[in-house]
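Have a look at the structure below before the remarks.
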Amino acid sequence: MKVYFTKAILFLMFLTFFSCETKNKIPVSKPYKAGVLLSFDDAYVDEWYEADQALKKYGWKATFNVCRIDSIGAPQMKKLHEMEKEGHEIAAHGYHHYNAVKFVKQHGIDAYMKQEIDPMIVSMKRHNFNVTSFAYPYGERSDALDKALSKDYKIIRGRAFGGEAPEKQDSFFNNSKIVFAFDIDNSHIHFSIPYVLELLDYAKKHNKILLLCGHKPVKNVTENYQTKIETLEFICKYMKLNDLKFYKLSDLDELLPEE
1 MKVYFTKAIL FLMFLTFFSC ETKNKIPVSK PYKAGVLLSF DDAYVDEWYE
51 ADQALKKYGW KATFNVCRID SIGAPQMKKL HEMEKEGHEI AAHGYHHYNA
101 VKFVKQHGID AYMKQEIDPM IVSMKRHNFN VTSFAYPYGE RSDALDKALS
151 KDYKIIRGRA FGGEAPEKQD SFFNNSKIVF AFDIDNSHIH FSIPYVLELL
201 DYAKKHNKIL LLCGHKPVKN VTENYQTKIE TLEFICKYMK LNDLKFYKLS
251 DLDELLPEE
């Protein structure tokens with residue numbers, strides 16, 4: 001009888017120890033190769049397609065965050081599907097392109113989800129896009145919005161607005177589903193090729209994934225929210241010379257630590 005009692009006590013102690021170990025287990029990051037994630041916002045489909053033709057030779061892959069999906073014409077929709085088949089990602093950027101923070105301040109999160117997110121999900125599905133990533137219009141976000149959107153999206157992207165030293169910059173993958181990208185539009189106050197080179201060098205040296213975003217790729221800049229093709233060529237050439245990997249937003253979900 002004492003033997004059985006002792007065994008029972010030991011078994012319970014084992015279960016208690018195992019339960020504590022499981023409860024206190026710290027998520028471990030998955031290993032990944034240094035690289036760059038290029039993403040583009042809004043609905044500049046024709047320009048995205050032209051950039052794709054110019055950059056195919058580098059084997060590039062990008063994420064295109066689309067807004068106002070129901071205003072996109074049939075020829076552009078065909079181009080989006082073609083780029084998706086080539087391995088690019090089509091992601092979400094809002095149905096009307098509302099500034100999420102400002103809208104929620106006036107109308108609340110429930111109204112935002114009903115007017116901006118729910119119709120976008122329905123339309124994306126109707127156009128046969130399997131969307132798992134979301135990029136905030138204007139890059140503005142909040143913890144409450146992140147929580148609400150996490151129910152529908154695996155990766156949520158904001159923007160890193162500052163021009164800090166690379167080691168303090170937020171635009172590197174942080175092992176979280178909430179990520180931030182540095183804006184490489186020519187009009188961005190902190191953008192310059194030397195600074196982008198610093199970020200690229202830091203990603204290479206410290207085995208990081210650098211997140212970058214733009215809007216409308218062009219040969220010659222004529223207004224705000226335009227990214228020079230020359231800038232994209234510079235980044236792609238650097239990546240090829242330094243053996244960096246192209247990532248999409250959806251790729252990051254597979255790198256998240258297991259909980």
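Mapped onto the UniProt record's numbering, the consecutive letters of the sequence shown carry residue numbers 1 to 259. Cβ atoms here follow ideal geometry from the backbone N, Cα and C, with glycine treated the same way. Note that the structure is predicted; figures quoted are calculated from it, not measured.
For residue 74, the number of other beta carbons within 10 angstroms of its own is below 16, and it is reported as exposed.
Assigned with DSSP and collapsed to three states, residue 122 falls in helix. Burial is judged here by how many other beta carbons sit within 10 angstroms of a residue's own beta carbon; residue 122 has fewer than 16 and is exposed.
Judged by DSSP in its simplified three-state form, residue 228 adopts strand. The stretch 137–154 and the stretch 49–60 do not touch, with fewer than three beta-carbon pairs separated by less than 8 Å. Approximately 7 Å separates the beta-carbon atoms of residue 137 and residue 100; this is inside 8 Å, confirming the contact. A buried status is given to residue 88, since no fewer than 16 other beta-carbon atoms sit within 10 Å of its beta-carbon. Contact between residue 255 and residue 177 is absent: CB atoms are separated by about 10 Å, not below the 8 Å threshold.
Contiguous alpha helix (DSSP H) elements confined to the stretch 115–192 occur at 118–126, 143–149, taking only those with 4 or more residues. Annotation for residue 72: 43, 45, 66, 80 place their beta carbon closer than 8 Å to its own, counting only its chain and skipping 5 residues before and after. Here the alpha carbon of residue 93 sits roughly 32 Å from the alpha carbon of residue 205. Cα atoms of residue 223 and residue 187: separation of roughly 8 Å, rounded to the nearest angstrom. The three-state secondary structure of residue 247, taken from DSSP, is strand.
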